[in-house]
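One structure is given here, and the rest of the page talks about it.
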Amino acid sequence: MSRTYLVLSVFGNCLACCFLLGCNGSGDESVSAPSETRPNPAKISADNVAATGIHYREAVKLVRVGDFANAQRSLREHLLTDPTDVKAMELAGDIASRVGDTPQAIQWYRDSVEQTPQPSYALLDKLAKNLMATANAYESVDVLKQTISIHPSLERPKYDLAGLVTVLGLNHDAVEPLQWLIQNNLGDEESLIVLANPDRVQPDPEFCRKLLDRAPEDLRPHYALAKLDAEKQDWSAVSKRLPAVLNRHPDFLPAWALQGRALVELAVANPNDANRRSDLVEWAKNKPTALEDLPEYWTAAGIWSNHTSDHAAAVRAFVEASRLHQSNHGPTLSYLQASLRQLGREEESSRVAKRFAQVAGLNDAVKTFLERNSKSQLAALRIAYQMVDLGRMWEAEAWTSLAKSLPEDPVATIEQAHLAIRARLRPDSPWQTKSSLVASSINISDLPMVSWDAAVQNARTIANRIDESLVRFIEQAQQRGLLHTVSLAPEAESEGHWIYQSTGGGAAVLDFDLNGWPDTAIANLDGAPMQNNSSPNRLFRNIDGQFSDVTSTSGYADTGFAQGITSGDFNNDGFPDLFDANIGRNRLYRNNGDGTFSDVTDEMKLVGNEWTTSAVFADVNGDGNADLFEVNYCGGNAPYETPCRSDATGKLASCPPLKFEASSDRIWRNDGTGQFKNVSRDWMQPTNIGRGLGIIAGQLDEAPGLDLFVANDMSVNHLWSSSRSSSVDSTNDVPIRLMDLGTVRGLATSGQSNSQASMGMAAGDPDGDGDLDFFLTHFAEEHNTYYEQVAPGLWEDRTHAVGLYEPSLDQLGFGTTWTDFNLDGAMELLVTNGHVSDTGREDIGYEMPPQVFTRLESGRWQELPNSSLGDYFEREHLGRALVTLDANLDGRTDVLITHLYEPVALLINDSETTSKSIGLRFQATSGHRDAIGSTVEVLSSGDKRTLQLTAGDGYMGSNERRLSFALSNASNKADILVQWPSGLRQSFNKLEAGRDYLLTEGIALPIPMNKHAQ
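Numbering (our numbering), first residue to last: 657 to 1670.
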């Protein structure tokens, strides 16, 4: 759903062109045309006529008639008598360049520059161009810097320097010249994009490889190629590429810094590898002292200190890095706020987190501008406003000025906005306001420096894995009567689909008739958005493991354009209800308790016509009633009126969501009297509005109360953390605020500070340390993200370290789950994949296979071969929603997956196991009946595991509300400790394996339910 955000030095980079096209650099001295490649001989160093000496004058005459050989002889005679004549040296360089002797030209130009107190721009420009013609790019960079120092008022060398250093990966050398251009009203769109986030500009690999071919003795272009490896988190490739660079160029500091970062990442990912650690220690011993002037060095030092649990040293390092980055580098700010929090410096952490959120908002705004083809006035103005918040007023003014020239999405008040921003600027205004430099206000004088020889913490290992049973599924939807295809308009499969069709449809699992067998509701979306002309969603009743379609007799008759479906007991009557998220009017269906449902949407005062993708019932304010949270996607009518087409096929294709405005999420308070009230503005304090696709509700952070984690597409994720007052008023309305703490908690972006196309979500404790971790699926060529909870309420992107980065790069993930499928005591990870459009690319498919991963004892994840998992996994699909259930009551968790253009799959768990499980269902009595947020400790044979009953369940679905855990044959009983949402802790002892139990708050004995089928 995204366009790659990179700028490959789109400046007028004449020097790079000289190298690629072969200009000789002795052209017209006019500043307006420095890149002319074939000059008129009569124009070569015409000013040199003023020099004295008969041989010199003769040389000038010969140049004018094109007799370069004799001109060279005359100049040699002249320089024998006057070896310090810098004009003659320059003319000699011009002639050498013209006849193709570029190395000799470079020498003459260098001699002239070295002996001239104030070399002219023309002379320096010719030296730089000839250096580029011989692939001496880094010497050309030095000459350009010298040119700018001597001629600070010239525009052209600043553009040339900015363009050249960005193709070489030396992005931060472009910042100062580009700032000058902006401050002198000479900047352009590309300059502004680079300044917005220099680190997002990628080097040009083709250009760097040509440099290596032409000048193999200069290995520094390998640094740029290593940066591209680092962008892909291929730290092993980085560490192998750079040592030769450092041996040949020991003073090349950027390569030192990147090599240090690579060695840190490898040592962290391989904590038991002594060689990795010794490589890092050796690097630290030999690094140049000047390396501490680079922010990248301090970032590497901070990451290492963080993973050696030296949070004080980490804070010091990240502060140093942030100061050098002018508090504008998202990843460093994210690391810093987390490390400050680890030290208990909450107020400083909050200030840094606020700054990080502003930087992330800027990055999202720039992505939106690029996705709208750099033509949207509104998108450009939003960038300007982000710049104002960041204290970067020069850029704010320049973006507003650019916005005025753009043709699309006009803003009526654009002129007033521009004048208001200009009024805040003076000629002597700093580039960035002092108050915005948040890192500079943090005192680090008493904090230690990094210890490079410290030991990294070992990865957590799985405790007491029961066995190594195989994971396997059999697809049995047809055999069990679950016959349904999530319908789209008939023409979509042949003609391509719109963005609103690409999301697919959801599913919910519920036992609506309370017969103990899980039933399911599944979506349809074959009509038009905002209309009630789709085929109705379907309801399937499960009796003894066989499903039958009871839609027509159930009263469940939603014909809206369906998206996700959720289930919960909104009225506390003991029967689970259904809520349909639609594009248009959402629908609430009350379970009447007799096998039928009633549409009570109007009765409950639920209104609005939004694009709602997912929803969840949860008692957010703790008053005992189930509130309703709606996750919304794109706003307005444009998504349904603006077609996009595939370049490869010419068919309709899903538009990038950033082409459309975002729609705010909504939360409805259940007042307990049978009505819902929209309290979104009262309860939530939104920062950046997202385009939401998934949600998980539970007690997610360390603070009491239910929280809501929302996965947003191409913008920062939201973690709505609840904070409520102890007072309750007479209307049963508990005062509450939901604060978006995604940035503070480490869940807003990836570890590289990138907003990703977040879709599917899983929550669980796969590392067995007793807390909740998260896994989010993303777009192809992004990586799925594993967020490990490293401290109470603090998560860290550990995707690369645990081996989940690379396997997801060529996949586009949707629904996902962590579940112990083979009852071996450890969770597996299942991801369903499928693209949103047929791109026509060979390396990125349209239909995609699902993936299953298992966690090794080392803490790394390994993908299981699809051939071992069952026939379904050996085929490719357009997978979308994924929900879990025990369809046949055998104690093993099964999976239901929806698709585009393919019937739903019911994957019956056929994993080999000798173990048994215990299933738990919950009923609260002092709060909302569904008991969302209950945590469970399972004690068996000395092993302790922790589970939590969450809701929402990620992408457009609702799992069976049941927790399951395995016991070995040697330990056939378990003790259960439940902490209910009310805070009550209750024990249930010696529960036997092989069946499900209903646990009721305040009642001592569990209620045995179904025995697991053999």
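All residues carry an ideal CB built from backbone N, CA and C; glycine is no exception.
Selection from the options that minimises the alpha carbon distance to residue i
i, options, result
"PHE1435", "PHE1509, SER1514, LEU1349, MET1395", "LEU1349"
"SER1191", "ILE1221, LEU1144, ASP1233, ALA946", "LEU1144"
"ASN1180", "SER1524, PHE974, GLY1161, SER1514", "GLY1161"
"ALA1035", "GLU845, GLU1444, VAL716", "GLU845"
"VAL920", "GLU1071, ASN903, TYR953, ALA1164", "TYR953"
"SER1204", "THR1215, ASP1229, GLY1216, ASP1175", "ASP1175"
"ARG720", "PRO739, ARG754, GLY709", "ARG754"
"TYR815", "SER776, GLY1216, LEU800", "LEU800"
Close beta carbons around residue i, own chain, < 8 Å, minus the five adjacent residues each side
i, result
"ALA1016", "GLY986, ASN1344, VAL1372, THR1399, ALA1404, THR1405, SER1409, SER1411"
"ASP1200", "TRP1173"
"ARG1301", "GLY1152, LYS1307, LEU1308, ALA1309"
"TYR661", "At TYR661 the pLDDT is 40, less than 50, meaning the model places this residue with poor confidence; the figure from the coordinates comes in the next sentence. Contacts found: ARG856, VAL1022, LYS1023, LEU1026."
"LYS1333", "LYS1261, TRP1324, ARG1325, ASP1327"
Same chain, Cβ closer than 7 Å to residue i, five either side skipped, listed in chain order
i, result
"GLU685", "Low local confidence applies: a pLDDT of 37 at GLU685 is under 50, so the model's placement there is unreliable, with the coordinate-based value given in what follows. Correct list, in chain order: ALA778."
"ALA882", "VAL894, ARG897, LEU898, LEU914"
"ALA957", "ALA973, VAL1106"
"GLU1438", "GLN1412, ALA1413"
"LEU1654", "ARG1577, GLN1579, PRO1662, ILE1663, MET1665"
Delimiting residues of the alpha helix (DSSP H) encompassing residue i
i, result
"ASP935", "930-942"
"ASP885", "877-887"
"ARG1038", "1033-1045"
"ASP781", "777-789"
"SER895", "891-904"
"ALA973", "967-980"
"GLY916", "909-925"
"ASP1453", "Taken as a continuous stretch (DSSP letters only), ASP1453 belongs to no alpha helix (DSSP H), being part of the beta strand (DSSP E) at 1450-1453."
Residue(s) in a DSSP beta bridge with residue i
i, result
"GLU1648", "LYS1629"
"ARG1322", "GLU1286"
"PRO1559", "THR1141"
"HIS1533", "MET1504"
"ILE1351", "VAL1366, GLY1610"
"MET1417", "LEU1432"
"SER1596", "ASP1599"
"HIS1374", "VAL1366"
"TRP1474", "LEU1485"
"GLU1049", "It should be pointed out that residue 1049 corresponds to Met in this sequence rather than to Glu. Beta-bridge pairing links MET1049 to no other residue."
"CYS1300", "ALA1309"
Span separating the alpha-carbon of residue i from that of residue j
i, j, result
"ARG729", "SER847", "46 Å"
"ASP874", "ARG1401", "44 Å"
"ASN1188", "THR1540", "29 Å"
"GLU862", "PHE724", "35 Å"
"SER1638", "LEU1362", "11 Å"
"LEU1026", "THR1056", "16 Å"
"LEU868", "ALA1059", "40 Å"
"SER1597", "ILE1632", "13 Å"
"LEU1562", "PHE1529", "12 Å"
"TRP1267", "GLN1014", "27 Å"
"ALA1021", "LYS1315", "12 Å"
"ASN1288", "GLY1220", "11 Å"
"GLU1624", "ASP1542", "At residue 1624 the sequence reads Ser, which differs from the Glu that was named. Rounded to the nearest angstrom, the two C-alpha atoms are 19 Å apart."
First and last residue of the uninterrupted beta strand (DSSP E) at residue i
i, result
"THR955", "Looking at the DSSP string, THR955 is not in any beta strand (DSSP E); the run it does join, the alpha helix (DSSP H), is 951-963."
"ILE1392", "1392-1396"
"HIS1555", "1550-1555"
"GLU1484", "1484-1489"
"MET1665", "1663-1667"
"LYS1333", "1332-1334"
"ASN1247", "1243-1247"
Close-in-space but distant-in-sequence residues of the same chain around residue i (CB under 6 Å, 5 per side omitted)
i, result
"ILE838", "TRP1050, ALA1054"
"TRP1108", "VAL937, ALA940"
"THR1252", "SER1210, GLY1211"
"GLU811", "LEU842"
"SER805", "none"
"ARG1548", "ASN1565"
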